[in-house]
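Asker: If you scroll down you'll find the structure; I have some questions about it.
Protein chains in written order, with the numbering used here: chain A, 549 to 782; chain B, 549 to 782.
Written out as structure tokens, the structure is:
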């Protein structure tokens, strides 16, 4: 992890642990430089990152202030690390519906930038929060980048496995979000009446070096999914 | 505007104007420093901001690359400037349903941090995109911060008026998003069948100095609203 990211994480953790409320003034730039024992450039980068993440806001000539924290149980839409961390106060579980290696269809191959003949893992899971169906999740992983998956691994947080076991450096993602009337098969899996609303999120994840590796569609149960977005100052 | 934001905006505009595709390598750090005639610190801050906004990604030891641009007609969920800019290729129009000055109820007063006896503007509008109903929008503006609104002003982009006429410095916003079955009155305004799905976004906007000034609820027509989110590297 880069130095400025480490400092940003430490400041963020301190804000969360102390439960600092919206508008609380943080120590000055110079005090923070001394406290974290880093250069001005590093601290400025750390603060810019925290500002862009919606953790703090800076008022010129006035100081550095804490922003409101998200409501408990809401899923942050700005991150690309799945919702395991957002729902850490809730009981999460997973049911695996499908897991296989296959040749991607043309659309999947194009989105994932697959070479001809390149295989993908296809997985389908139902995720539960506090024993309620939270979502159906369908993903294609490039086998070239994620060489091994099994039922046990995908019964837990796949992102923890990718980062901690495979040491994959996850970069960023593009998300597309829309609401629609659920198809009948989807309502069955989500345990909802026919023609209920559904929230669809299509997401393409990239490694830190910019290679796409995971194309996912997640369909959320509207009764149990609430989302949070903090918009930055730019 | 701060120097680094100006440089960030110029780089972003250059990427958009040249329609650079995902993975295109930008000039090196040193070349960009020369090109924009700024210090290394300013350029690094500009690049960090562009990275956090999802415009570029940086690969250590390899370079600075362009990220995929959003699909046309999608509304970016990371910004706090309304959707006028996202839908600039579409025909936007507005119908004003309500506009009045009133005393806020307890919840609105609490969210907006109103002093006792402080008044708010209440406005309700229907927004159209290419003659289709895009959303219903209900907002409370603190009169202390937005002293004057009229029907003509709110028939256009309120955010343009706030920033260009009132010279208000808009800071950031907290957004909460969920899907639900529309109420009957909402389906009428959205011109949808009864019990259609709706996408609800509650948003609280702050000035750059951290004062809340606008509490809004927007209900989107699922047939005409698609959203886009770029997640950063953090």
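Beta carbons: idealized from backbone N, C-alpha and C, even for Gly.
Could you tell me which chain B residues have their CB closer than 8 Å to the CB of residue 622 of chain A, listed as they occur along the chain?
Answerer: Here residue 622 of chain A corresponds to residue number 74 of the first chain, with the count starting at 1. Residues of chain B passing the Cβ test: 724.
Asker: Of the residues that make up the stretch 765–781 of chain B, which ones have a beta carbon closer than 8 Å to any beta carbon in chain A?
Answerer: So the close ones are 768, 770, 773, 774, 775, 776, 777, 778, 779, 780, 781.
Asker: So, with DSSP's three-state summary, where would you put residue 565 of chain A?
Answerer: On the first chain, residue 565 of chain A is found 17 positions in, with the first residue counted as 1. Helix.
Asker: List the residues of chain B that residue 593 of chain A touches, going by C-beta distances under 8 Å, in chain order.
Answerer: As a working note, residue 593 of chain A is residue 45 in the first chain. Those within 8 Å of residue 593 of chain A in chain B are 592, 593, 596.
Asker: DSSP on residue 570 of chain B, reduced to helix/strand/coil?
Answerer: Taking the second chain and counting its residues from 1, one reaches residue 570 of chain B at position 22. Residue 570 of chain B falls in the coil class under three-state DSSP.
Asker: In whole angstroms, what is the alpha-carbon distance linking residue 573 of chain A and residue 758 of chain B?
Answerer: Here residue 573 of chain A corresponds to residue number 25 of the first chain, with the count starting at 1. Here residue 758 of chain B corresponds to residue number 210 of the second chain, with the count starting at 1. Cα to Cα, the separation comes out at about 11 Å.
Asker: DSSP three-state call for residue 778 of chain A: helix, strand or coil?
Answerer: The count along the first chain starts at 1 and reaches residue 778 of chain A at position 230. Residue 778 of chain A: strand per DSSP, three-state reduction.
Asker: If we count the other Cβ atoms within 10 Å of its Cβ and call it buried at 16 or more, is residue 721 of chain B buried or exposed?
Answerer: What you label residue 721 of chain B is simply residue 173 of the second chain in a count that begins at 1. That one is buried.
Asker: Residues of chain B with a CB under 7 Å from the CB of residue 609 of chain A: which are they?
Answerer: The residue given as residue 609 of chain A occupies position 61 in the first chain. Ordered by position in chain B, no residue passes the 7 Å Cβ test against residue 609 of chain A, which lies about 10 Å from the chain.
Asker: Compile a chain-ordered list of the residues in the stretch 670–695 of chain A whose CB is closer than 9 Å to at least one CB of chain B.
Answerer: Within the stretch 670–695 of chain A, no residue has a Cβ that lies closer than 9 Å to any Cβ of chain B.
Asker: Are residue 674 of chain B and residue 737 of chain B touching if we call contact CB-CB under 9 Å?
Answerer: Position 126 of the second chain, counted from the first residue, corresponds to residue 674 of chain B. Position 189 of the second chain, counted from the first residue, corresponds to residue 737 of chain B. Yes, they are a contact pair.
Asker: Using the beta-carbon of each residue, which ones in chain B are nearer than 7 Å to residue 605 of chain A?
Answerer: Mapped onto the first chain, residue 605 of chain A falls at position 57. The answer, in chain order, is 719, 720, 758.
Asker: Shorter than 9 Å from the beta carbon of residue 745 of chain B to some beta carbon of chain A?
Answerer: Along the second chain, one-based indexing puts residue 745 of chain B at 197. Yes, because at least one Cβ of chain A sits closer than 9 Å to the Cβ of residue 745 of chain B.
Asker: Helix or strand or just coil, what does DSSP make of residue 692 of chain B?
Answerer: Within the second chain, residue 692 of chain B is the residue found at index 144, counting from 1. In the structure shown, residue 692 of chain B sits in coil (DSSP, three-state: anything other than H, G, I, E or B).
Asker: Is it buried or exposed, residue 742 of chain B, if we count other Cβ atoms within 10 angstroms and call 16 or more buried?
Answerer: Numbered from its first residue, the second chain carries residue 742 of chain B at position 194. Answer is exposed; the Cβ neighbour count stays below 16.
Asker: So, does the stretch 759–773 of chain A touch the stretch 697–717 of chain B, judging by three or more C-beta pairs under 8 Å?
Answerer: In short, these stretches do not touch, since the Cβ pair count stays below three.
Asker: For residue 674 of chain A, verify whether its CB is less than 8 Å away from any heavy atom of the ligand COA.
Answerer: Absence of the ligand COA from the depicted structure is noted, as is the absence of any ligand whatsoever, leaving it without description.
Asker: Quick one: which chain B residues come within Cβ less than 7 Å of residue 729 of chain A?
Answerer: What you label residue 729 of chain A is simply residue 181 of the first chain in a count that begins at 1. Near residue 729 of chain A (Cβ distances below 7 Å), the residues of chain B are 745.
Asker: Counting pairs of beta carbons, one from the stretch 768–778 of chain A and one from the stretch 615–624 of chain A, are three or more of them closer than 8 Å?
Answerer: Counting Cβ pairs under 8 Å, three or more are found: they touch.
Asker: Relative to the alpha-carbon of residue 611 of chain B, which residue among B:617, B:595, B:619 has its alpha-carbon at the smallest distance?
Answerer: Locating residue 611 of chain B in the second chain gives position 63, counting from the first residue. Considering only alpha carbons, the answer is B:595.
Asker: Mind pulling the chain A residues with CB within less than 7 Å of residue 616 of chain B?
Answerer: Against the second chain, residue 616 of chain B aligns to sequence position 68. Those within 7 Å of residue 616 of chain B in chain A are 722.
Asker: Suppose you measure from the CA of residue 615 of chain B to the CA of residue 602 of chain B; what does that come to, to the nearest Å?
Answerer: Within the second chain, residue 615 of chain B is the residue found at index 67, counting from 1. Within the second chain, residue 602 of chain B is the residue found at index 54, counting from 1. C-alpha separation (whole angstroms): 7 Å.
Asker: Nearest to residue 660 of chain A by alpha carbon, out of A:567, A:752, A:771?
Answerer: Reading the first chain from its first residue, position 112 is the one you call residue 660 of chain A. Comparing Cα-Cα distances from residue 660 of chain A to each of A:567, A:752, A:771, the minimum goes to A:752.
Asker: Tell me whether residue 579 of chain A is buried or exposed, calling it buried when 16 or more other Cβ atoms sit within 10 Å of its Cβ.
Answerer: Reading the first chain from its first residue, position 31 is the one you call residue 579 of chain A. Flag for residue 579 of chain A reads exposed.
Asker: Out of A:667, A:699, A:684, A:676, which has the shortest C-alpha to C-alpha gap to residue 693 of chain A?
Answerer: In the first chain, residue 693 of chain A corresponds to position 145, counting from 1. Out of A:667, A:699, A:684, A:676, A:667 has the C-alpha closest to the C-alpha of residue 693 of chain A.
Asker: State the DSSP-derived secondary structure class of residue 673 of chain B, mapped to helix, strand or coil.
Answerer: To locate residue 673 of chain B, count along the second chain from 1; it is residue 125. Three-state result, residue 673 of chain B: strand.
Asker: If you follow the alpha helix (DSSP H) that residue 658 of chain A is part of, which residue opens it and which one closes it?
Answerer: Here residue 658 of chain A is taken as the residue at index 110 of the first chain, counted from 1. It spans 654–659 - the alpha helix (DSSP H) in which residue 658 of chain A sits, taken as one unbroken run.
Asker: Counting only beta-carbon atoms, is residue 613 of chain B nearer than 9 Å to chain A?
Answerer: Translated into the one-based positions of the second chain, residue 613 of chain B becomes position 65. It does: the Cβ of residue 613 of chain B has a partner Cβ on chain A nearer than 9 Å.
Asker: Just verifying my parser: in three-state terms, what is the DSSP assignment at residue 726 of chain A?
Answerer: Counting from one through the first chain, the residue named residue 726 of chain A turns up at place 178. In this structure, residue 726 of chain A counts as strand in the three-state DSSP scheme.
Asker: DSSP on residue 578 of chain A, reduced to helix/strand/coil?
Answerer: To locate residue 578 of chain A, count along the first chain from 1; it is residue 30. Residue 578 of chain A: helix per DSSP, three-state reduction.
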